[in-house]
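Here's the structure, in structure tokens; my notes come after.
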Amino acid sequence: MAAEIYDVVVIGAGAAGENAADHAIRGSERTALLVERELVGGECSYHACMPSKALLRPLEVRDAAEHLGGLPARIDLDVPALLARRDAWVSDYDDSGQAEWATGAGIEVARGTARLTGERRVAIAGNDGSAREVEARHAVVVATGSAPVIPPAFAGLHPWTSRDATGVVEVPESIAVVGGGVVAVEASRWLAALGSRVTMLVRGDRLLDRFEPFASHLVADGLRADGVDVRLGASVGAAARLDGTDTGLGRVHGGPVRLEVDGSALEFAEVLVATGRRPAIAELGLENIGLSPEALADAGARPDWLYVVGDASGQAALTHWGKYTARLAGAAIAARADGRPVPEAPADVPVPQVVFSDPQVASTGLTEAQARAAGRTVDAIAVPMNSAAGFGLLRDDASGQASLVFEPGTGRLLGATFAGQEVAELVHAATVAIVGGLTADQLWHAVPAYPTASEVWLRLLEAYRVAEDDPSPRTR
6 MAAEIYDVVV IGAGAAGENA ADHAIRGSER TALLVERELV GGECSYHACM
56 PSKALLRPLE VRDAAEHLGG LPARIDLDVP ALLARRDAWV SDYDDSGQAE
106 WATGAGIEVA RGTARLTGER RVAIAGNDGS AREVEARHAV VVATGSAPVI
156 PPAFAGLHPW TSRDATGVVE VPESIAVVGG GVVAVEASRW LAALGSRVTM
206 LVRGDRLLDR FEPFASHLVA DGLRADGVDV RLGASVGAAA RLDGTDTGLG
256 RVHGGPVRLE VDGSALEFAE VLVATGRRPA IAELGLENIG LSPEALADAG
306 ARPDWLYVVG DASGQAALTH WGKYTARLAG AAIAARADGR PVPEAPADVP
356 VPQVVFSDPQ VASTGLTEAQ ARAAGRTVDA IAVPMNSAAG FGLLRDDASG
406 QASLVFEPGT GRLLGATFAG QEVAELVHAA TVAIVGGLTA DQLWHAVPAY
456 PTASEVWLRL LEAYRVAEDD PSPRTR
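Counting in the numbering used here, the sequence shown runs without a single skipped number right up to 481 at its last residue.
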């Protein structure tokens, strides 16, 4: 079969794949092919970021209104309208708009499953039964995303995954949420609001174990206030279900689920397994180019024509991070094709993340524990969020905590965590400060507006200055 030739072939048309293709050919005559077997736009657009935030934002607004004097003490949730809002944000699972964007950007879209067959060569099994082989002049980009990890105990039970949770159509009377990460936390919040009796089964001793401990405790308290039964240190053993079947996205998948939890038998109408994700690279054909799955994530082990971006890289499984890695890859492909030096990225770029819980958690850079695990000595400062008058105005019971992690001696900012109502918009300033290598002395002259939640920066820096002047032992 004669191979069709493109300058760039991208396997996976999610946010990372789209960005890699766009930045590789933008402003040039180069050609690009995006190969996607599901929806153009990927997980974020239809099953993760967009639908989850479409479900959560109305809950935030309702809770703020119910906790502000002068507004109704109770606002009833219109469940059909909320789910309709979700459907609008996912374009009713129609990707024609995303495909049109790609075409308008000069990127061809192929519907099918791609597999590496040799150097710069990719075989495509079309969704329509067709077969073709393509070759890339400059680069092949792997942007296949990630897939949920389903523990063996749940194999064959057709448990809910994050896709069912964001695509909920039938609200189960009761649901066990197995896991304590971001997906588990956010889904538990909206499922409880929709009327499900939610029980979180968390193996560890806290939720969100990659964040600062104070954030974990505040989020657990918030979930319990919403009626969620949060069980920490839970051991899930055997699992069983009668008549388990794939009934469709967001519908109850059969009969009741029976779980053995800490030696006791519990029954739920449904179970959501949110125990993590892994790179979706099993069917990529890496063996055809002599590359192991482990080597795919190592830029030094890959051939120079092969790039990997987004979740498939094994890096942070976050849309914004995947798009960042894709922009870097696209820029590198374009530079090499043009014979220009490849642009260099700064070292140790921080990874920002927001959990849309109640309270929200926004974090970037290193936590205190992560810095210590890396062998670094740090100064850590924390203050209550309501030490900023503007934060207290957000709602009458606003509460939370903020922390900064500094490098001793230089005072350079290494990390920041904010936990409280509407703190998502505070984290980018911290990301900018870390990328810019700013110190506490420099940040002292970044004046926050009053009365806003950003004034918490002033309170943190004041606390840091007091600690600097205090000769007694500090958090180091």
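Every residue gets a Cβ at the ideal spot worked out from N, C-alpha and C, and that includes glycine. Just so we're clear, the structure is a prediction, and the values are computed from it rather than from any experiment.
Closest Cα partner of residue i within the set the options
{"i": "Ile166", "options": "Val278, Pro308, Val383", "result": "The sequence shown places Thr at residue 166, rather than the Ile named in the question. Taking only the C-alpha atoms, the option nearest Thr166 is Val278."}
{"i": "Ala385", "options": "Ile294, Tyr312, Glu412, Asp234", "result": "Glu412"}
{"i": "Thr422", "options": "Gly416, Gly405, Gly414, Thr415", "result": "Gly405"}
{"i": "Asp248", "options": "Ala321, Met205, Pro164, Ala454", "result": "Pro164"}
{"i": "Ala322", "options": "Glu48, Arg116, Ala25, Gly255", "result": "Glu48"}
{"i": "Ile338", "options": "Ala144, Pro63, Gly74, Ala435", "result": "Ala144"}
{"i": "Asp12", "options": "Arg417, Leu311, Leu371", "result": "Leu311"}
{"i": "Phe396", "options": "Ala376, Leu431, Gly416, Ala378", "result": "Leu431"}
{"i": "Ile80", "options": "Leu88, Leu87, Arg67", "result": "Arg67"}
{"i": "Pro156", "options": "Gly184, Ser392, Gly416", "result": "Gly184"}
{"i": "Tyr469", "options": "Leu418, Gly441, Pro456", "result": "Leu418"}
{"i": "Leu409", "options": "Ala438, Ser57, Gln103, Asp401", "result": "Ala438"}
{"i": "Arg345", "options": "Ala336, Ala434, Gly327, Pro351", "result": "Ala336"}
{"i": "Asp251", "options": "Arg168, Ser201, Asp214, Val203", "result": "Arg168"}
{"i": "Arg120", "options": "Glu138, Asp133, Gln103", "result": "Glu138"}
{"i": "Arg42", "options": "Ala352, Leu289, Arg194, Glu65", "result": "Leu289"}
{"i": "Ser151", "options": "Gly32, Asp214, Val313", "result": "Val313"}
{"i": "His450", "options": "Val440, Gly75, Thr436, Glu467", "result": "Glu467"}
{"i": "Ala5", "options": "Val146, Ser221, Val360", "result": "For the chain, the structure presents residues 6 to 481; residue 5 sits outside this window and is missing."}
{"i": "Arg485", "options": "Trp326, Arg229, Ala367", "result": "Nothing about residue 485 can be reported from this structure: the residues present for the chain run from 6 to 481 only."}
{"i": "Ser193", "options": "Ala472, Arg229, Ala158", "result": "Arg229"}
{"i": "Gly327", "options": "Ile30, Arg31, Gly46, Pro456", "result": "Gly46"}
{"i": "Gly209", "options": "Asp303, Ala225, Gly253, Leu371", "result": "Ala225"}
{"i": "Ser221", "options": "Ala158, Arg246, Ala407, Gly441", "result": "Ala407"}
{"i": "Asp27", "options": "Val440, Gly200, Val146, Pro298", "result": "Val146"}
{"i": "Ile30", "options": "Arg142, Ala160, Ala304, Ala434", "result": "Arg142"}
{"i": "Leu371", "options": "Asp309, Val440, Pro389, Asp303", "result": "Val440"}
{"i": "Ala158", "options": "Asn132, Ser135, Arg263, Ala93", "result": "Arg263"}
Whole-Å CB distance - residue i paired with residue j, under 8 Å assumed
{"i": "Pro77", "j": "Ala69", "result": "Actually they are not in contact, since the Cβ atoms of Pro77 and Ala69 sit about 12 Å apart, beyond 8 Å."}
{"i": "Pro355", "j": "Gly319", "result": "That belief does not hold up - the Cβ atoms of Pro355 and Gly319 are roughly 18 Å apart, past 8 Å."}
{"i": "Thr369", "j": "Gly420", "result": "7 Å"}
{"i": "Met55", "j": "Val95", "result": "6 Å"}
{"i": "Leu217", "j": "Ala107", "result": "According to the sequence shown, residue 217 is Glu rather than Leu. Actually they do not touch by this definition, with Cβ atoms about 40 Å apart."}
{"i": "Val15", "j": "Ala25", "result": "5 Å"}
{"i": "Trp462", "j": "Leu443", "result": "The Cβ separation is near 11 Å, so there is no contact."}
{"i": "Leu223", "j": "Ala424", "result": "5 Å"}
{"i": "Ala403", "j": "Asn391", "result": "6 Å"}
Beta-carbon proximity of residue i to residue j, cut-off 8 Å
{"i": "Ala37", "j": "Ile112", "result": "yes"}
{"i": "Phe219", "j": "Ala387", "result": "yes"}
{"i": "Asp363", "j": "Gly227", "result": "yes"}
{"i": "Val154", "j": "Thr324", "result": "no"}
{"i": "Gly117", "j": "Val40", "result": "yes"}
{"i": "Gln426", "j": "Leu399", "result": "yes"}
{"i": "Gly259", "j": "Gly19", "result": "no"}
{"i": "Pro348", "j": "Ala342", "result": "no"}
{"i": "Glu140", "j": "Ile10", "result": "yes"}
{"i": "Ala331", "j": "Ala148", "result": "yes"}
{"i": "Ala110", "j": "Ile129", "result": "no"}
{"i": "Ala393", "j": "Arg464", "result": "yes"}
{"i": "Asp97", "j": "Leu44", "result": "no"}
{"i": "Glu175", "j": "Arg282", "result": "no"}
{"i": "Asp234", "j": "Val188", "result": "no"}
{"i": "Trp195", "j": "Leu64", "result": "yes"}
{"i": "Gly232", "j": "Ala197", "result": "yes"}
{"i": "Leu60", "j": "Arg35", "result": "no"}
{"i": "Leu237", "j": "Val207", "result": "yes"}
{"i": "Asp401", "j": "His52", "result": "no"}
{"i": "Thr436", "j": "Pro351", "result": "no"}
{"i": "Asp446", "j": "Gly416", "result": "yes"}
{"i": "Ile286", "j": "Ala317", "result": "yes"}
{"i": "Gln103", "j": "Ser50", "result": "yes"}
Given 8 Å as the limit, is there contact between the segment 166 to 184 and the segment 265 to 279, that is, 3 or more CB pairs closer than that? Contact annotation: the segment 166 to 184 touches the segment 265 to 279, with at least three C-beta pairs closer than 8 Å.
Cβ contact (3+ pairs, closer than 8 Å) linking the segment 265 to 272 and the segment 234 to 248: The segment 265 to 272 is in contact with the segment 234 to 248.
With a floor of 3 residues, list each beta strand (DSSP E) that falls wholly inside the segment 101 to 148, ordered by position along the chain. Considered as a whole, the segment 101 to 148 harbours 112 to 123, 126 to 131, 136 to 147 as its complete beta strand (DSSP E) runs of no fewer than 3 residues, in chain order.
Whole runs of the beta strand (DSSP E) within the segment 188 to 217, excluding any shorter than 3 residues: Counting only runs of 3 or more, we get 202 to 207.
Segment contact, 8 Å Cβ cut-off, at least three pairs: the segment 118 to 125 with the segment 281 to 295: Contact between the segment 118 to 125 and the segment 281 to 295 is present, with at least three C-beta pairs closer than 8 Å.
Just to confirm the assignment: which complete beta strand (DSSP E) runs, minimum length 3, are found wholly within the segment 398 to 465? Positions of the beta strand (DSSP E) runs, each at least 3 residues long and wholly inside the segment 398 to 465, are given as 405 to 411, 418 to 425 in order along the chain.
Fully enclosed by the segment 33 to 115, which beta strand (DSSP E) runs are 3 residues long or longer? Segments of the beta strand (DSSP E) lying fully in the segment 33 to 115: 37 to 41.
Can you give, in chain order, each stretch of the beta strand (DSSP E) that sits fully within the segment 285 to 323 and has at least 3 residues? The segment 285 to 323 contains these whole beta strand (DSSP E) runs: 311 to 313.
Extract the residue ranges of the beta strand (DSSP E) inside the segment 345 to 386, only unbroken runs of 3 or more that lie entirely within it. Secondary structure in the segment 345 to 386: the beta strand (DSSP E) runs of 3 residues or longer, each lying completely within the stretch, are 358 to 360, 365 to 370 in chain order.
3 or more residues per run - each beta strand (DSSP E) lying fully within the segment 222 to 246: If you keep only unbroken beta strand (DSSP E) runs of at least 3 residues inside the segment 222 to 246, you get 234 to 237, 241 to 246.
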